[in-house]
Amino acid sequence: MHFLLADATVAKVVEASGGLDTTMLSGPDTAMLLLTIFVLAVFIGVEVITKIPPTLHTPLMSGSNAISGIAVVGAVLAAGTGDGMIPKVLGCIAVTLATINVVGGFMVTHRMLGMFRRKD
Amino acid sequence: MHFLLADATVAKVVEASGGLDTTMLSGPDTAMLLLTIFVLAVFIGVEVITKIPPTLHTPLMSGSNAISGIAVVGAVLAAGTGDGMIPKVLGCIAVTLATINVVGGFMVTHRMLGMFRRKD
Amino acid sequence: MDPRLVQLAYLLSAVLFILGLKGLTRPRSAVRGNLLGACGLLVAVVVTLFGAGLDYRLIVGGLVVGSVIGAIFAIRVQMTEMPQLVALFNGFGGAASTLVAGANLAQTETFGRDMLVATALSGMIGAVTFSGSLIAWGKLKEFRRLDKIRIPAQQIVNGLLVLACLGLTVAMVNGDGSTWTVVAYWLISSLALVLGVTLVVSIGGADMPVVIALLNSYSGLAAAATGFVLSNTVLIISGSLVGASGLLLTRIMCVAMNRSLFNVLFGKMGSGGSTLNADDVYANVKSTSAEEVAMLLEVANRVVIVPGYGMAVAQAQHAVSDLRKQLVARQIEVDFAIHPVAGRMPGHMNVLLAEADVPYEALREMDDINPTMEQVDVTIVLGANDVVNPLARTDPDSPIAGMPIIDVDRSRTIIVVKRSLSPGFAGIPNPLFAAENSLMLFADGRQAIQDIIGALDAN
Amino acid sequence: MDPRLVQLAYLLSAVLFILGLKGLTRPRSAVRGNLLGACGLLVAVVVTLFGAGLDYRLIVGGLVVGSVIGAIFAIRVQMTEMPQLVALFNGFGGAASTLVAGANLAQTETFGRDMLVATALSGMIGAVTFSGSLIAWGKLKEFRRLDKIRIPAQQIVNGLLVLACLGLTVAMVNGDGSTWTVVAYWLISSLALVLGVTLVVSIGGADMPVVIALLNSYSGLAAAATGFVLSNTVLIISGSLVGASGLLLTRIMCVAMNRSLFNVLFGKMGSGGSTLNADDVYANVKSTSAEEVAMLLEVANRVVIVPGYGMAVAQAQHAVSDLRKQLVARQIEVDFAIHPVAGRMPGHMNVLLAEADVPYEALREMDDINPTMEQVDVTIVLGANDVVNPLARTDPDSPIAGMPIIDVDRSRTIIVVKRSLSPGFAGIPNPLFAAENSLMLFADGRQAIQDIIGALDAN
Ligand SMILES: NC(=O)c1ccc[n+]([C@@H]2O[C@H](COP(=O)([O-])OP(=O)(O)OC[C@H]3O[C@@H](n4cnc5c(N)ncnc54)[C@H](OP(=O)(O)O)[C@@H]3O)[C@@H](O)[C@H]2O)c1
Ligand SMILES: NC(=O)c1ccc[n+]([C@@H]2O[C@H](COP(=O)([O-])OP(=O)(O)OC[C@H]3O[C@@H](n4cnc5c(N)ncnc54)[C@H](OP(=O)(O)O)[C@@H]3O)[C@@H](O)[C@H]2O)c1
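Chains as they are written, first to last, in numbering that gives the first Met the number 0: chain P, 0 to 119; chain W, 0 to 119; chain R, 0 to 458; chain D, 0 to 458.
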């Protein structure tokens with residue numbers, strides 16, 4: 000018998016696939032791992048961003064705004080694999096909007112930072 | 000059909016339980032999530048520790064040394080659930096060693112920091 | 000593609016985002032930092048494109064159209080319009096999160112509870128971000144209509160909308176039948192759209208930067224929630240980085256204004272301190288001319304320029320940079336004193352002055368320059384008002400009481416460049432204008448500075 | 000207990016560790032930080048104890064015995080012996096990781112490949128940490144036998160051992176049959192034990208702090224590897240925090256010595272610069288007495304004390320603190336100049352002087368005090384040698400070339416307190432001792448300072 004979660008697998012299986020009973024294993028489920036990742040990333044965000052000097056706060060605002068366009072990843076999946084019209088159209092609109100956010104955000108930040116650099 | 004990993008579950012099942020085929024799902028497996036957690040934690044460590052002033056480097060050394068005694072968690076599981084003599088004895092030795100590390104480490108750090116505080 | 004490779008690529012992308020933000024901690028590495036962030040996004044998108052058998056037609060269409068529009072915005076925008084642009088982009092990001100969660104819901108049959116909670120949150124936060132950001136954009140564009148909208152019993156309406164969203168979420172998570180789930184989801188999102196409007200529409204225009212930073216944080220949280228829906232680590236990590244960034248910027252601004260976030264979002268400004276009568280305060284105001292200012296500058300050793308929102312309005316940054324060069328050529332020491340909330344965005348003045356080629360060393364922070372203000376011969380206050388109002392120090396009843404200010408009143412002579420005696424955002428008179436050592440130069444900011452340069456040249 | 004609750008508790012524990020380390024960034028919050036870390040560990044242990052139906056007899060025995068031993072060590076240890084203690088504890092932590100991974104392997108039938116890799120790494124890193132730390136401990140305890148051990152063709156032996164460990168890991172991961180797996184595991188661990196010895200035994204005693212910091216990092220990595228074996232997040236997170244901490248400390252020390260890590264681990268010191276003959280250098284050394292030093296101190300306005308390893312050996316921290324109080328009572332300004340690698344641990348001098356009640360403000364960092372050394376009337380170099388050797392600046396061939404030093408040679412008068420003219424760790428003569436403004440006070444550090452105090456009292 001395993002006295003610990005002895006493998007890097009999780010034994011909870013989608014209900015749809017039949018509800019296999021595997022209670023003998025009780026490692027962390029994916030949701031808890033994702034929560035852990037979330038908390039750690041918030042810590043990193045706080046540590047790094049408190050170091051950014053006021054001069055760079057506007058570029059930070061537009062740059063981090065561009066990063067939030069990462070939703071484009073989800074949008075691509077939705078637009079590309081959706082079956083049925085609705086998911087596809089929603090996905091396509093989402094791709095467009097998120098891409099504006101990403102491309103526009105990074106470009107305008109680059110433009111702004113270029114102004115800072117000129118004098119170095 | 001799921002076009003994405005649509006649930007917080009991972010469909011890889013311990014080989015021992017029969018090798019269910021669930022390739023239709025391909026979310027992150029636990030090992031990759033743990034790796035992500037590792038990388039993020041290293042970033043946090045670097046960010047936080049670079050902020051620690053030289054004066055506190057000796058307490059940092061002994062304090063972080065105490066934290067590395069966290070292996071005591073694994074040791075407790077090994078000593079408490081092992082079946083057979085060997086795992087139990089190994090676990091028990093591990094508990095003792097790790098506890099020395101933890102208790103001694105935190106106490107000596109506390110003692111050292113007490114010296115710093117007296118003058119505040 | 001091997002799912003593990005995809006995961007590794009997502010991890011790489013997250014690391015690139017972190018390194019990118021770290022790059023932003025120094026002006027020297029900031030450009031590279033921003034590029035690293037962009038690479039991170041590229042990696043994530045490319046890997047996703049090759050990761051599964053996708054139908055590329057719609058995707059490529061969306062990517063191309065989005066890129067073109069984004070690029071046009073980025074190239075065309077004027078630096079003074081950055082707050083508006085960020086608000087707009089922000090709203091798009093939020094909307095994308097809502098749509099993705101909705102699309103996912105539309106074609107999934109069985110859902111875990113965790114997942115439904117994450118889906119509902121994603122829809123809600125994304126929709127609030129979208130409508131709130133659009134309103135903020137409109138306010139900054141100074142659409143008059145928006146300012147006229149008054150929500151009766153605003154706090155109660157907001158409270159009810161939040162409760163309704165949460166109630167629907169509970170019902171959605173516990174309900175059965177996928178139709179109900181989908182209906183509940185769009186109901187929640189619609190209510191959240193309304194909530195975004197009612198939350199933002201009655202906040203004053205000058206507080207929009209705080210609102211935008213907060214909405215920026217929300218758009219990150221929406222992306223993170225979408226990450227939970229899709230079990231996608233890179234969405235979660237980058238979403239929480241953005242969430243933290245927005246919250247910290249919000250806090251920095253609130254601290255610099257000495258107000259609580261609650262007061263910004265729900266408070267009214269200018270209620271206190273109304274005892275001061277502008278006519279009394281301004282009884283002894285002395286006005287001056289560009290020629291007189293030029294004469295004062297010529298004999299000065301040390302000059303400090305304090306820019307404010309008016310410099311942005313007047314687009315006076317290039318003129319003031321020229322003025323600085325002129326004075327430096329005459330061996331006069333010239334610094335800019337930058338208040339953390341001067342203008343309408345954190346770091347707003349820095350961006351404008353950097354655009355106009357003012358070197359980094361000449362931009363000094365408030366805490367750094369304040370102790371030396373007594374040794375300054377001439378201070379030019381250019382379109383700044385609240386950030387130099389000594390009432391913050393002296394009148395505990397004033398709405399800006401306790402806000403740290405730039406101590407221009409301690410310098411030998413003060414030139415205040417603005418168009419009239421009308422107040423700044425806080426709506427209170429400024430005794431500085433009537434101080435014994437103050438001279439008012441009434442004019443548009445750019446014109447005034449150009450006139451001063453002309454007068455200097457003439458001598 | 001609900002597995003999710005256990006996971007949440009582990010997350011809480013990880014957050015407490017992070018907050019604890021954050022607390023260590025300021026002396027004010029450091030005590031609380033350390034307590035937060037301890038709470039984190041307590042939470043993790045308690046939750047684990049209640050998490051599953053365990054057999055408590057052995058566990059409680061181990062916990063009690065371990066706590067008692069740990070507490071005795073912690074209470075008894077002298078502050079000068081901290082490096083040894085950290086080395087010893089460190090070894091125990093590493094051993095625990097190896098044993099846990101081994102115990103887990105002994106009773107698990109089927110293993111994934113990831114898991115086997117993690118198990119092998121855990122055994123290997125843990126064992127290296129264990130034996131390496133014990134050797135480091137012995138070296139610091141100055142067991143003569145250890146210094147006599149010479150490994151023939153050391154680099155090759157190390158290389159072969161590493162290769163053997165890695166080869167066995169590959170064989171273990173690809174092999175079948177659980178007996179072979181277990182055998183391979185213990186083989187790897189045994190080879191790693193030997194590797195720990197051969198790696199550390201020929202490194203010089205004064206470089207042990209670097210080695211200890213590196214092994215500290217390893218013990219963290221071992222814990223993290225065990226975390227992968229057990230899919231335990233708190234082990235992974237805290238292990239990587241410790242790993243990062245150890246690596247950064249290693250780097251800080253190497254930078255402060257201007258040497259590469261490779262040079263510390265494998266290089267020989269003192270090979271260059273041997274052209275300098277001690278007799279030539281020390282031709283004009285002047286020696287002095289406690290009475291003369293007291294007279295010099297009485298008329299000084301500003302005194303700087305530079306402590307080094309000799310202060311730790313002589314246990315002179317309390318005496319020197321008394322001297323400082325005496326001088327301060329006579330209106331003389333007294334500072335301590337702390338070199339980052341003075342002594343045998345990073346921050347070693349700070350801990351000793353803090354123990355002796357020297358206030359925090361009086362401890363000044365090298366970069367901070369160096370520019371002001373010219374205004375110092377009397378500098379007392381107390382048992383320091385390499386960290387004040389001007390050859391670092393002047394002789395590009397010397398083994399300490401380029402190492403930043405405290406510029407005591409720029410002060411007006413220098414008193415060097417040490418027992419003889421023998422060299423410090425780097426093994427090179429120190430021209431400072433023969434400088435025109437230098438006076439040697441040959442004595443044990445504590446005795447010398449007490450004599451000076453006596454002479455001051457007598458006047
Ligand atoms: N930066 C941020 O992040 C941020 C965020 C939230 C809130 N705020 C608030 O915004 C305010 C910023 O203070 P501030 O001193 O920069 O600005 P301010 O107090 O709003 O005053 C701006 C002044 O500029 C003058 N002005 C406008 N157009 C001009 C032109 N074309 N030429 C010359 N002068 C012109 C105006 O006077 P005339 O009309 O007489 O010309 C006005 O008094 C503070 O109250 C702050 O709390 C800032
Ligand atoms: N701190 C760290 O983290 C660290 C890490 C790695 C390496 N190191 C190395 O350690 C060295 C530290 O430099 P350091 O200047 O502190 O020490 P040092 O160069 O090793 O010199 C110590 C001096 O103290 C004297 N001494 C010994 N016992 C004494 C006693 N009882 N009373 C009075 N004097 C006594 C010795 O001379 P006598 O025998 O003549 O008395 C010796 O010259 C550097 O080379 C550094 O690179 C430090």
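Where is the CB? At the ideal position from N, CA and C, for every residue including glycine. Every value quoted in this text rests on a predicted model; they were computed, and no experiment measured them.
Exercise for review: Report yes if the C-beta of Lys417(R) is less than 7 Å from at least one heavy atom of ligand 1; otherwise report no.
Suggested key: Answer for Lys417(R): yes, Cβ within range of ligand 1.
**Study point:** Neighbour flag for Thr35(P) against chain D, beta carbons, 8 Å
**Key:** For Thr35(P), a Cβ of chain D is located within less than 8 Å of the residue's own Cβ.
Review point. Hey, how far is the Cα of Gly61(D) from the Cα of Val94(P)?
Key: Taking the straight line from one Cα to the other gives about 58 Å.
Review point. Which whole-angstrom value describes the C-beta separation of Phe115(P) and Ala29(R), a residue pair presumed to lie in contact below a C-beta threshold of 8 Å?
Key: Right, their Cβ atoms sit about 7 Å apart.
Practice item. Compute every distance between the C-beta of His317(D) and the non-hydrogen atoms of ligand 2, then say whether any falls below 7 Å. Key: Answer for His317(D): no, Cβ out of range of ligand 2.
Review point. Which class does Phe441(D) belong to by DSSP, given the choice of helix, strand or coil?
Key: In the three-state scheme derived from DSSP, where H, G and I count as helix and E and B as strand, Phe441(D) is classed as strand.
Point to revise | Short-range partners of chain P found in the segment 220-234 of chain D, where Cβ spacing is below 7 Å | key: Within the segment 220-234 of chain D, the residues whose Cβ lies closer than 7 Å to some Cβ of chain P are Leu229, Ser230 and Thr232, listed in chain order.
Exercise for review: For Ile43(W), go through chain P and note every residue whose CB falls closer than 9 Å to its CB, in chain order.
Suggested key: Residues of chain P passing the Cβ test: Leu39, Phe42, Ile43 and Glu46.
Review point. What number of angstroms, rounded off, separates the C-alpha of Cys164(D) from the C-alpha of Ala30(W)?
Key: Cys164(D) and Ala30(W) have their C-alpha atoms spaced approximately 23 Å apart.
Check your understanding: Does the segment 82-89 of chain W touch the segment 36-45 of chain W, meaning 3 or more C-beta pairs lie closer than 8 Å?
Key -> Not touching, per the Cβ criterion.
**Study point:** For Arg27(R), the nearest candidate out of Pro52(P), Ala74(P) and Gly68(P) (CA to CA)
**Key:** Closest by C-alpha distance to Arg27(R), out of Pro52(P), Ala74(P) and Gly68(P), is Pro52(P).
Review point. Under three-state DSSP, which class holds Lys417(R)?
Key: Assignment of Lys417(R) by DSSP, reduced to helix, strand and coil, places it in the strand class.
Review point. Closest Cβ-Cβ distance between Asp27(P) and chain D: below 8 Å?
Key: Here residue 27(P) is Pro; the residue named in the question, Asp, does not match the sequence. At a cut-off of 8 Å between C-beta atoms, Pro27(P) counts as an interface residue with respect to chain D.
Check your understanding: CB-CB under 6 Å to Ala70(W), same chain, minus the five flanking residues each way: which ones, in chain order?
Key -> Cβ within range, chain order: Ala97.
Review point. Exposed or buried, what is Asn100(P) when buried is set at 16 or more other beta-carbons lying within 10 Å of its beta-carbon?
Key: By the neighbour-count definition (other C-beta atoms within 10 Å, threshold 16), Asn100(P) is a buried residue.
Practice item. Return the CA-CA distance between Ala243(D) and Phe88(D), expressed in angstroms with no decimal places. Key: As the crow flies, the alpha-carbon of Ala243(D) is around 18 Å from that of Phe88(D).
Practice item. Measure the alpha-carbon distance for Ile134(R) versus Gly203(R) and round it to whole angstroms. Key: Their Cα atoms are separated by approximately 12 Å.
Check your understanding: Regarding Ser397(D) and ligand 2, is the C-beta to nearest heavy atom distance less than 7 Å?
Key -> The answer is no for Ser397(D).
Check your understanding: Could you check where the alpha helix (DSSP H) with Pro2(R) kicks off and where it finishes?
Key -> Taken as a continuous stretch (DSSP letters only), the alpha helix (DSSP H) holding Pro2(R) covers Pro2 to Gly22.
Review point. Taking 8 Å as the CB-CB cut-off, is Val14(D) touching chain P?
Key: For Val14(D), the answer is yes, since a Cβ of chain P falls inside 8 Å of its Cβ.
Practice item. Please work out which residues of its chain come closer than 8 Å, Cβ to Cβ, to Arg343(D), disregarding the five sequence neighbours upstream and downstream, and give them in chain order. Key: Excluding the 5 residues flanking it on each side, Arg343(D) has same chain C-beta neighbours closer than 8 Å at Pro82, Leu139, Ala205, Met207, Pro208, Tyr308 and Ala311, in chain order.
Review point. Quick one: is Lys417(R) buried, meaning 16 or more other Cβ sit within 10 Å of its Cβ, or exposed?
Key: Buried is the label assigned to Lys417(R), since at least 16 other Cβ atoms lie within 10 Å of its Cβ.
**Study point:** ligand 2 heavy atom lying under 7 Å from the CB of Ser421(D)
**Key:** Result yes, Cβ under 7 Å from ligand 2.
Practice item. Could you check how far apart the C-beta atoms of Met402(D) and Asn257(D) are, in whole angstroms? I think they sit under 8 Å. Key: Right, the Cβ-Cβ distance comes to about 4 Å (below 8 Å), so this counts as a contact.
Practice item. Kindly indicate which three-state DSSP category Ala282(R) falls into: helix, strand or coil? Key: Coil.
Check your understanding: How long is the line joining the alpha carbons of Ile150(D) and Val161(D), rounded to whole angstroms?
Key -> So the two alpha carbons sit approximately 16 Å from each other.
**Study point:** Within-8 Å CB hit, Leu4(D) to chain P
**Key:** By this cut-off, Leu4(D) is not an interface position.
Exercise for review: With a floor of 4 residues, list each alpha helix (DSSP H) that falls wholly inside the segment 130-201 of chain R, ordered by position along the chain.
Suggested key: Listed in chain order, they are 143-147, 153-173 and 177-199.
**Study point:** For Pro306(R), three-class secondary structure by DSSP
**Key:** DSSP places Pro306(R) in strand when its eight states are reduced to three.
Practice item. Assuming Val107(W) contacts Ser67(W) (C-beta within less than 8 Å), just tell me the rounded distance between them. Key: 14 Å between Cβ atoms; not a contact.
Check your understanding: CA-CA distance, Ala477(D) and Tyr359(D)?
Key -> In the structure as shown, chain D starts at 0 and stops at 458, and residue 477(D) therefore has no counterpart that could be examined.
Review point. If we call anything under 8 Å between Cβ atoms a contact, is Leu440(D) one with Tyr281(D)?
Key: Not a contact, by the Cβ cut-off of 8 Å.
Practice item. Look at the alpha carbon of Arg25(R) and the alpha carbon of Lys324(R), and state the distance between them as a whole number of angstroms. Key: So the alpha carbons of these two residues sit roughly 25 Å apart.
Review point. Can you check whether the CB of Asn369(D) is closer than 8 Å to the CB of Asn429(D)?
Key: Between Asn429(D) and Asn369(D), the gap from beta carbon to beta carbon reaches 8 Å or more.
Exercise for review: Starting from Thr378(R), trace the beta strand (DSSP E) both ways and give me its first and last residue.
Suggested key: That run of the beta strand (DSSP E) goes Val377 to Leu381.
Practice item. Output, in chain order, the set of chain P residues within a Cβ distance shorter than 8 Å of Leu96(W). Key: Chain P residues near Leu96(W): none, gap ~19 Å exceeds 8 Å.
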